[in-house]
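At position 189 of the sequence shown (counting the first as 1) the number is 474 in the numbering used here, and the numbers step up by one without a gap.
Note sheet for the following structure.
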Amino acid sequence: MSKIDLFNKEWIDVVFAKKNKAYGAYELRQTNASNTAKSLFIASAIFIFLFLTPRLYALLKGMAPEEPVEEVKEVIMQPPPPINPEVKTPPPVEPPPPKQDQVKFPPPIVKPDNEVRDEKPPTVEDLKKADPGQKTMEGDPTADVVQITAAGEGPKQAVVVEDNTVYSFVSMENPPTFPGGMDKFYKYIGDNLKYPPMAAENNIQGKVFISFTVEKDGSVTDVKVDRKLGYGTDEEAVRVVKGSRRWNPGMQNGKPVRVKYNMPIAFTLQQ
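What follows is the structure, encoded as structure tokens:
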């Protein structure tokens with residue numbers, strides 16, 4: 286019996302005779318040979334590409350120009366200058382005496398028995414009168430504190446940090462005062478305060494709460510209105526306070542400091 290090729294197009298037509306050829310099986314059988322050939326070609330191409338990729342990479346890498354190697358130069362060090370025997374090293378400077386007496390209190394050192402020399406250690410009473418040190422020295426109460434610095438460094442001046450903190454009036458040791466007392470200040474306010482015409486026409490009365498800072502030199506700065514009354518009274522209160530004379534500055538730890546002051550200024554119409 287001869288071999289029958291069921292995938293031949295003639296047999297396919299016989300199999301699908303009087304059947305729906307628009308169904309997917311008929312089309313798949315028609316294109317089966319071409320699809321198989323395409324799949325084998327694509328798979329072979331991918332396999333060959335993966336197989337040759339390492340060799341192509343090595344070939345391209347060998348064709349690339351090599352990076353220049355930095356030349357290493359030998360550096361010859363100059364020999365140090367000869368020691369001049371005539372130049373003598375200055376002897377170490379003996380530190381000045383301390384402000385307070387010291388008693389010898391060196392750290393313990395382990396020695397053989399034949400080198401041990403009995404020395405009477407300082408008593409508790411001695412340590413109350415003097416500080417412990419490497420040797421016994423008499424102090425000089427008038428001496429200045431000397432800070433030992435590294436070689437080549439001179440004495441450094443102490444940096445004085447200026448205190449610009451604004452203190453509260455209630456926390457002051459000596460609060461600022463107006464020359465002649467607060468009665469003089471209120472008298473100055475009453476003599477120089479002018480009732481704004483707009484406030485007088487609208488019968489505006491009340492208090493304007495003012496805050497200001499008394500500087501270290503007694504001048505008045507940073508005048509602000511904390512609670513307003515309006516109708517020109519706020520501006521008038523600021524004007525009068527700014528025009529006041531210098532105060533006696535507040536003192537904290539014996540030094541003048543900046544102090545914030547709060548006070549009300551009353552506006553009252555005469556009946």
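Glycine included, each C-beta is placed from N, C-alpha and C at the ideal position.
{"Query": "Neighbour-count burial assignment, R543, 16 or more Cβ in a 10 Å radius", "Result": "buried"}
{"Query": "CB-CB length for A522 against I550, believed under 8 Å", "Result": "4 Å"}
{"Query": "As assigned by DSSP and simplified to three states, the class of T498", "Result": "strand"}
{"Query": "Burial state of D511 (16 or more Cβ within 10 Å)", "Result": "exposed"}
{"Query": "Residue of F470, V451, P367 and F332 minimising C-alpha distance to D507", "Result": "V451"}
{"Query": "Sequence-distant residues of the same chain with beta carbon closer than 6 Å to V372, five excluded per side", "Result": "none"}
{"Query": "C-alpha distance - F334 paired with F326, whole-angstrom precision", "Result": "12 Å"}
{"Query": "Alpha carbon of P464 to alpha carbon of T408, nearest angstrom", "Result": "59 Å"}
{"Query": "Simplified DSSP state of D511, which is helix, strand or coil", "Result": "strand"}
{"Query": "Backbone CA spacing between N477 and P534 [nearest angstrom]", "Result": "23 Å"}
{"Query": "Top-ranked residue by Cα proximity to K504, from K492, K527, N449 and Q537", "Result": "Reading the sequence as shown, one finds Ser at residue 504 and not Lys. Checking every option, the nearest Cα to that of S504 belongs to K527."}
{"Query": "Spatial neighbours of M467 in its chain, beta-carbon cut-off 6 Å, leaving aside the 5 residues before and after", "Result": "none"}
{"Query": "Neighbour-count burial assignment, D448, 16 or more Cβ in a 10 Å radius", "Result": "exposed"}
{"Query": "Which residues DSSP lists as bridging P541, in chain order", "Result": "M536"}
{"Query": "Residue span of the beta strand (DSSP E) that contains Y452, given as start and end", "Result": "V451 to S453"}
{"Query": "Residues bridged to T506 [DSSP beta-bridge criterion]", "Result": "T498"}
{"Query": "Member of K501, Q555, P397 and P482 whose CA lies at the smallest distance from the CA of K537", "Result": "Rather than Lys, the amino acid found at residue 537 in this sequence is Gln. For Q537, the nearest C-alpha among the options comes from K501."}
{"Query": "Y546, buried or exposed, once every other Cβ within 10 Å from all chains shown has been counted against 16", "Result": "buried"}
{"Query": "CA-to-CA distance, F494 to Y516, given in whole angstroms", "Result": "15 Å"}
{"Query": "Nearest residue (CA-CA) to K492, options D519, P482 and T498", "Result": "D519"}
{"Query": "Those residues which DSSP pairs with I550 across a bridge", "Result": "V493"}
{"Query": "Span of the alpha helix (DSSP H) around I474", "Result": "M467 to N477"}
{"Query": "Helix, strand or coil at N317 [DSSP, three-state]", "Result": "helix"}
{"Query": "Extent of the continuous alpha helix (DSSP H) run through R524", "Result": "T518 to K527"}
{"Query": "Backbone CA spacing between A328 and K346 [nearest angstrom]", "Result": "27 Å"}
{"Query": "Burial state of A484, where buried means 16 or more other Cβ atoms lie within 10 Å", "Result": "buried"}
{"Query": "Host alpha helix (DSSP H) of P482 (start-end)", "Result": "P482 to E486"}
{"Query": "T408 in three-state terms, based on DSSP", "Result": "coil"}
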